[in-house]
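J.: Mind having a look at this structure? Questions to follow.
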Amino acid sequence: MTWVRIVAALRRFWWAIPIVAASALALMFRVQRDDARHTLDNERAAWTAEIDRADKARLTAERDYAVRLATAADGYAARISALKPIILRSTDTVREYAQTAAGRAVCLGADRVRGIDALDAELADDPDPARGGARAVQADARPPAGGR
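Counted from 1, the sequence shown has number 215 at position 56 by my numbering; the numbering is strictly sequential.
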């Protein structure tokens, strides 16, 4: 082809050049858009998996905390009950408690509870309450041992 024929073809089909360029740009932008969508979908899937993992870890931590708290409360109750004896004042309560496994080991019989109540009543009717520590303490004029 000569230069004249090439210039004549360009004059005749000049409108095809912008269309081809626009088509090429559209194709290029479509590829970029698809790539960006794919990247966003991957990131969304990764974030969703991470959020699910964090939720599972949080639920596991809450469950473990509840178990530790219950265990600690049981241990604390056991230590406190070992330090302070259970005082039962009702004969019916004593009978019901004595029927349990723990009550058979540590509970007094109902007749002994009545005896303790009677002893408490006798002590409450004591005619000489000053016999104990109700008297005034005598002042000691001597210096304390050790020279102080």
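A virtual CB, placed ideally from N, CA and C, is assigned to each residue, including glycine.
For the alpha helix (DSSP H) containing Trp-162, name the first residue and the last one.
T.: Counting along the chain, the alpha helix (DSSP H) containing Trp-162 begins and ends at 162-171.
J.: Note down, in chain order, each residue of its chain lying with its Cβ closer than 6 Å to the Cβ of Leu-184, except the 5 sequence neighbours on either side.
T.: Excluding residues within five positions, none has a Cβ falling inside 6 Å.
J.: With DSSP collapsed to three states, give me the class of Asp-284.
T.: Looking at Asp-284 - three-state DSSP - the assignment turns out to be coil, as it is neither helix nor strand.
J.: Which of the three DSSP states, helix, strand or coil, is assigned to Thr-198?
T.: Helix at Thr-198.
J.: Quick check on Thr-259: does DSSP put it in helix, strand or coil?
T.: Thr-259: coil per DSSP, three-state reduction.
J.: Whose C-beta lies closer than 6 Å to the C-beta of Asp-251 among residues of the same chain, with five residues either side of it excluded?
T.: There are no such residues.
J.: In whole angstroms, what is the alpha-carbon distance linking Phe-172 and Arg-196?
T.: For Phe-172 and Arg-196, the distance between alpha carbons rounds to 37 Å.
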